[in-house]
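One structure is given here, and the rest of the page talks about it.
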Amino acid sequence: MRRRVGAVATINLTKLSYAELLKLQARLEAALAEKRAAEANATKDQLRAMAEKAGFTVEELFGKRGARRPREAKYRNPNNPSQTWSGRGRKPNWFVDAVKMGAKLESLSV
Numbered sequence: 041m042r043r044r045v046g047a048v049a050t051i052n053l054t055k056l057s058y059a060e061l062l063k064l065q066a067r068l069e070a071a072l073a074e075k076r077a078a079e080a081n082a083t084k085d086q087l088r089a090m091a092e093k094a095g096f097t098v099e100e101l102f103g104k105r106g107a108r109r110p111r112e113a114k115y116r117n118p119n120n121p122s123q124t125w126s127g128r129g130r131k132p133n134w135f136v137d138a139v140k141m142g143a144k145l146e147s148l149s150v
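Quick note on the working numbering: the sequence shown kicks off at 41 and runs consecutively.
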């Protein structure tokens with residue numbers, strides 16, 4: 041890799057090995073994520089400043105994020121009725137174990 045002072049680094053990608061290209065890709069992805077986060081924070085700060093200047097809060101302009109409503113349970117652990125599962129996301133261990141032991145889904149349904 042060659043570097044020039046005060047200029048963007050010039051890299052001859054064809055001369056890099058596969059491993060070097062993977063390292064470069066990882067560094068690039070990390071730099072992109074860092075820049076994206078920095079720009080997002082700067083934009084948030086600008087929006088807050090504009091809202092304050094106009095006499096508003098960001099929440100007044102865009103509303104507050106609503107809390108998610110808990111999903112209704114579709115399955116209940118027969119051994120511990122306080123353990124339920126909505127059928128979304130990763131299956132809880134008690135559900136996986138019950139199915140392995142031969143339990144039918146209907147017997148676990150709420």
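Glycine residues also receive a C-beta, built at the ideal position from the N, C-alpha and C atoms.
Using alpha carbons as the reference points, say which of the options lies closest to residue i.
i	options	result
Ser147	Pro121, Arg130, Gly129	Pro121
Trp125	Ser149, Val139, Met141, Lys140	Ser149
Would residue i pass as a contact of residue j if the rule is Cβ separation under 8 Å?
i	j	result
Val98	Ala91	yes
Leu64	Leu72	no
Arg111	Arg128	yes
Leu62	Leu53	no
Tell me residue i's beta-bridge partners as DSSP assigns them.
i	result
Ser149	Tyr115
When you compare the region 131-141 with the region 106-119, are there three or more beta-carbon pairs, one atom per stretch, that lie closer than 8 Å?
yes
Entirely within the region 91-144 and at least 4 residues each: give me those alpha helix (DSSP H) ranges in chain order.
You should have 98-102, 133-140.
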